[in-house]
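Enquirer: Structure provided below as structure tokens; questions to follow.
Number of protein chains: 2
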Amino acid sequence: MIPSVFSRKFAKLVNMSQTALIILAPGAEEMEFVIAADVLRRAGIKVTVAGLKDSEPVKCSRDVVIVPDTSLAKAAGDKFDVVVLPGGLGGSNAMGESAAVGDLLRAQESGGGLIAAICAAPTVLAKHGIATGKSLTSYPSMKDKLVDKYCYVDDKSVVKDGNLITSRGPGTAYDFALKIAEELTGLEKVKEVAKGLLLSYN
Amino acid sequence: MIPSVFSRKFAKLVNMSQTALIILAPGAEEMEFVIAADVLRRAGIKVTVAGLKDSEPVKCSRDVVIVPDTSLAKAAGDKFDVVVLPGGLGGSNAMGESAAVGDLLRAQESGGGLIAAICAAPTVLAKHGIATGKSLTSYPSMKDKLVDKYCYVDDKSVVKDGNLITSRGPGTAYDFALKIAEELTGLEKVKEVAKGLLLSYN
Chain A
1 MIPSVFSRKF AKLVNMSQTA LIILAPGAEE MEFVIAADVL RRAGIKVTVA
51 GLKDSEPVKC SRDVVIVPDT SLAKAAGDKF DVVVLPGGLG GSNAMGESAA
101 VGDLLRAQES GGGLIAAICA APTVLAKHGI ATGKSLTSYP SMKDKLVDKY
151 CYVDDKSVVK DGNLITSRGP GTAYDFALKI AEELTGLEKV KEVAKGLLLS
201 YN
Chain B
1001 MIPSVFSRKF AKLVNMSQTA LIILAPGAEE MEFVIAADVL RRAGIKVTVA
1051 GLKDSEPVKC SRDVVIVPDT SLAKAAGDKF DVVVLPGGLG GSNAMGESAA
1101 VGDLLRAQES GGGLIAAICA APTVLAKHGI ATGKSLTSYP SMKDKLVDKY
1151 CYVDDKSVVK DGNLITSRGP GTAYDFALKI AEELTGLEKV KEVAKGLLLS
1201 YN
């Protein structure tokens, strides 16, 4: 099955389980990573956490150590409804330099799957030439690296343009995760998840 | 050095590094855990993540696996300016049943150290008879287990009463972590941390 906006809508209608791949690179921002993984799982999405290099524990930007479910090399053979890139400068630089991440993102883009990036991670898209020309946002200090290739948005927490969802930083990470979940599972489910988190979502 | 409000104020004045112990139990709410660890480290606080049982990887409530820095048994010999209890029903039940957690919390309370608990974790205080009679809050569904022993607050995200800081759930976890950091490092430092997170803090 090629992921696309049509298959996502069909899956929502028949309540099929949706899938997400989150790449975990050394130096990832741990809050942005864990909020995405946790919120998507609360929404019933099957989340795979793939270590960029292998499946060994990954030290994040503030020294929290997280064990991936698998490696990117093993996970990359499967199709996912969304590929999520958490921020953190070290993690984003590592993903930007990874040929495997470039291949995965190009396949995701050409197959019509969702791509979601937060904080410094939109620079990974720029490095690999993904979604060029689309509207996006990022951590404010990353703007200079993005304005030439994208239509940069300063004044929104989350920006969706076609199959691309981007967001700004730790303080917008819940909105980012809920927006991804809305796209995959629908507004009613996401409102229920937000309520459980003691947040509101419109 | 016995932690107390006086030593905390002195440490703030001379810019001494403050210390936090965060207990990581199986079934902990991973967002509440990681937001506390990350935000406190951003504020310059020396954070020790102690596994409840040992220092092996811990599976959290939504299957994120986190490696502690050490075990509670090893960490419990040291003094900490704050002991932080993340929520999650499984994690809170495990901490409530742990004699080692009870001993640690009693020593922290009698030494005048800060204790901070979020979501389901205020029930750990009730189980071990800590801070009885004080004002606190929790995840709404935990209220029934707390109203008899505490002055329960429904309408605030974070409640501070003396050396006790409590909060409600994932959606209030940033406010919770920032309030702990404010107590240990002062308002100006916390405003700077919040700005980096793209949040505001007053």
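Note that the protein sequences, when read in sequence, are chains A and B. Under this note's numbering, the first residue of the first sequence carries the number 1, and numbering increases by one thereafter. Under this note's numbering, the first residue of the second sequence carries the number 1001, and numbering increases by one thereafter. Where is the CB? At the ideal position from N, CA and C, for every residue including glycine.
#1: Please go through the same chain and pick out, in chain order, the residues whose beta-carbon is closer than 6 Å to the beta-carbon of isoleucine 1002 of chain B, but skip the five residues on each side of it.
#2: At 4 residues or longer, and completely inside the segment 1014-1073 of chain B: list those alpha helix (DSSP H) runs for me, N to C.
#3: For chain B, check one thing: does any of its Cβ atoms lie closer than 8 Å to the Cβ of valine 64 of chain A?
#4: Among A/Asp175, A/Pro26, A/Lys195, A/Lys189, which has the Cα closest to the Cα of alanine 116 of chain A?
#5: Could you give the distance in angstroms between the alpha-carbon of glutamate 183 of chain A and the alpha-carbon of aspartate 161 of chain A?
#6: Look at leucine 136 of chain A and leucine 178 of chain A and say whether their C-beta atoms are less than 8 Å apart.
#7: Could you give the C-beta distance for valine 83 of chain A and aspartate 69 of chain A, rounded to a whole number, given that I count them as a contact under 8 Å?
#8: Beta-carbon separation of glutamate 1109 of chain B and valine 1064 of chain B under 8 Å?
#9: Buried or exposed: which applies to arginine 41 of chain A, given that a residue is buried once 16 or more other Cβ atoms fall within 10 Å of its Cβ?
#10: For the structure I just gave you, are there three or more beta carbon pairs, one from the segment 1044-1061 of chain B and one from the segment 183-193 of chain A, closer than 8 Å?
#11: Rounded to whole angstroms, what is the Cα-Cα separation between leucine 197 of chain A and valine 39 of chain A?
#12: Between asparagine 202 of chain A and aspartate 155 of chain A, what straight-line distance do the alpha-carbon atoms span, to the nearest angstrom?
#13: Note down, in chain order, each residue of its chain lying with its Cβ closer than 6 Å to the Cβ of serine 1092 of chain B, except the 5 sequence neighbours on either side.
#14: Let me know if methionine 1016 of chain B comes out buried or exposed under the rule of 16 or more other beta-carbons within 10 Å of its beta-carbon.
#15: Locate the beta strand (DSSP E) running through leucine 1085 of chain B, then write down its first and last residues.
#16: In chain A, which residues lie with their C-beta within 8 Å of the C-beta of glutamate 1030 of chain B?
#17: What residues from chain B crowd round proline 57 of chain A, counting only those whose CB sits closer than 8 Å?
#18: Taking its Cβ as the centre, do 16 or more other Cβ atoms sit within 10 Å of glycine 96 of chain A, making it buried, or is it exposed?
#19: Would you verify that the beta carbon of proline 1170 of chain B is, or is not, closer than 8 Å to some beta carbon of chain A?
#20: Cβ of lysine 145 of chain A within 8 Å of Cβ of threonine 132 of chain A?
#21: Smallest Cα separation from glycine 90 of chain A: which of A/Gly129, A/Arg62, A/Ile35?
#22: Would you mind giving the Cβ-Cβ distance between alanine 1181 of chain B and alanine 1043 of chain B, rounded to the nearest angstrom? I have them listed as a contact below 8 Å.
#23: Quick check on DSSP: helix, strand or coil for aspartate 103 of chain A?
#24: Between the alpha carbons of lysine 1195 of chain B and glycine 1169 of chain B, how many angstroms are there, rounded?
#25: If you draw a straight line from the alpha carbon of proline 86 of chain A to that of leucine 21 of chain A, how long is it in whole angstroms?
#26: In this structure, does DSSP put serine 98 of chain A in helix, strand or coil?
#27: Output the residue ranges of the beta strand (DSSP E) runs that lie fully inside the segment 1144-1194 of chain B and measure 3 residues or longer, sorted by chain position.
Expert: Well, looking at it:
#1: Note that isoleucine 1002 of chain B scores a pLDDT of 47, beneath 50, so its modelled location is shaky and nothing firm can be said.
#2: 1030-1042
#3: yes
#4: A/Asp175
#5: 12 Å
#6: no
#7: Not quite, the Cβ-Cβ distance comes to about 15 Å (not below 8 Å), so this is no contact.
#8: no
#9: buried
#10: no
#11: 9 Å
#12: 18 Å
#13: Ala1120, Ala1121, Thr1123, Val1124
#14: exposed
#15: 1082-1085
#16: Val34, Ala37, Asp38
#17: Pro1057, Val1067
#18: buried
#19: yes
#20: no
#21: A/Arg62
#22: 4 Å
#23: helix
#24: 22 Å
#25: 11 Å
#26: coil
#27: 1158-1161, 1164-1167
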